[in-house]
Amino acid sequence: MSDTILHLDALLFDMDGTLVDSTAGVVGAWELFRQSYPTIDVQDILSSSHGIRTVDNLQKHCGIDDPEILEQEAERFEKAIVSTASEGGRPGIVLLPGVKPIMDEIASLRFFPSPRWAICTSATRAYATSALASAKVPVPDAFVASEDVSKGKPYPDPYILGAEKCGVKPENCVVFEDAPSGIRSGRAAGCKTVALLTTHTRQQLEEAKPDFIVKDLSSIFIKATDTGVLVTIKEN
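This is how it looks when you write it as structure tokens:
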């Protein structure tokens, strides 16, 4: 299959499952929360919760409706992800394949007058910055966390805001995502979408209708240009 080359204004990345793998910590956090909410089915939650904001998952699966309690529990859950990620022989929060070369090239984009990349995550700002620091991923100037939007993925709000923070139009951006909800969010925002086979099956991703499907970010090559970013996609 031939490569696809796109010239774009900005790159918009999801975080968990795209840049970093926090699976071990998420499993540990849900197991911890089962002590407080014994009726939850951890395996069932894990099969459907990826890419969704913590507050939305807790409201759905734990039945928390009080806004103050919901905020407190979301903070407790995300702290548990970081604290349990490396316990009991778990690998911790780790960088996914292909991320480091992209981050190295992105470093050359800092000379542009406006950001050329953003992270748009369903996690809170506090957790996301901790997770990125743990995996040694820089926090971009254009950064969208769960509390920055009233509606999270699959609504388009996170990626519309990400493009806005980069000072560009969504249709001139590409979204890198591992979850169907995030792909739908990027599509709804008007962005091109690249789905990664890091957490979901090809069939699950195809149902969200991404423009491209690749194994992970090792199939993506970027190069800074005078006017934006050149993206080469090697489809699997």
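Be aware that the sequence shown starts at 1, since it is given in the numbering used here, and climbs by one per residue.
Note that the Cβ used here is the ideal one computed from N, Cα and C, for glycine as well.
For E171, there is no enclosing alpha helix (DSSP H), as DSSP gives it neither H nor E.
The stretch 98-168 is shown to contain whole beta strand (DSSP E) runs of 3 or more residues at 117-120, 142-144, in chain order.
By the C-beta criterion, the stretch 123-136 is judged not to be in contact with the stretch 162-178, since fewer than 3 inter-stretch pairs fall below 8 Å. Under the DSSP assignment, T232 falls in the beta strand (DSSP E) whose first and last residues are 229-233. Cβ neighbours of P156 within its own chain (closer than 7 Å, five residues either side excluded): S185, A188, A189. For A179, there is no enclosing alpha helix (DSSP H), since its DSSP letter is neither H nor E. For G182, the closest C-alpha among the options L6, L19, I52 is that of I52. Residue pairing of T193 in beta bridges, as defined by DSSP: V175. The shortest CA-to-CA distance from K209 to any of S218, L196, S219, S83 is the one to L196.
Sequence-distant partners of L8 (beyond 5 residues in either direction) whose C-beta falls short of 7 Å from its own C-beta, in its chain, are N172, C173, V174, G228, V229, V231. Straight-line measurement puts the Cα of K60 at about 11 Å from the Cα of S48.
The beta carbon of D14 sits closer than 6 Å to those of E177, G182, all from its chain and outside the five residues before and after it, given in chain order. Of the other Cβ atoms in all chains shown, 16 or more fall within 10 Å of the Cβ of A118; this residue is therefore buried. Taking 8 Å as the cut-off, the Cβ atoms of K79 and S122 do not count as close. For L70, the three-state secondary structure derived from DSSP is helix. For E207 and N57, the gap between their C-alpha atoms comes out near 21 Å. The residue among D65, S114, C120, S150 with its C-alpha nearest the C-alpha of F143 is C120.
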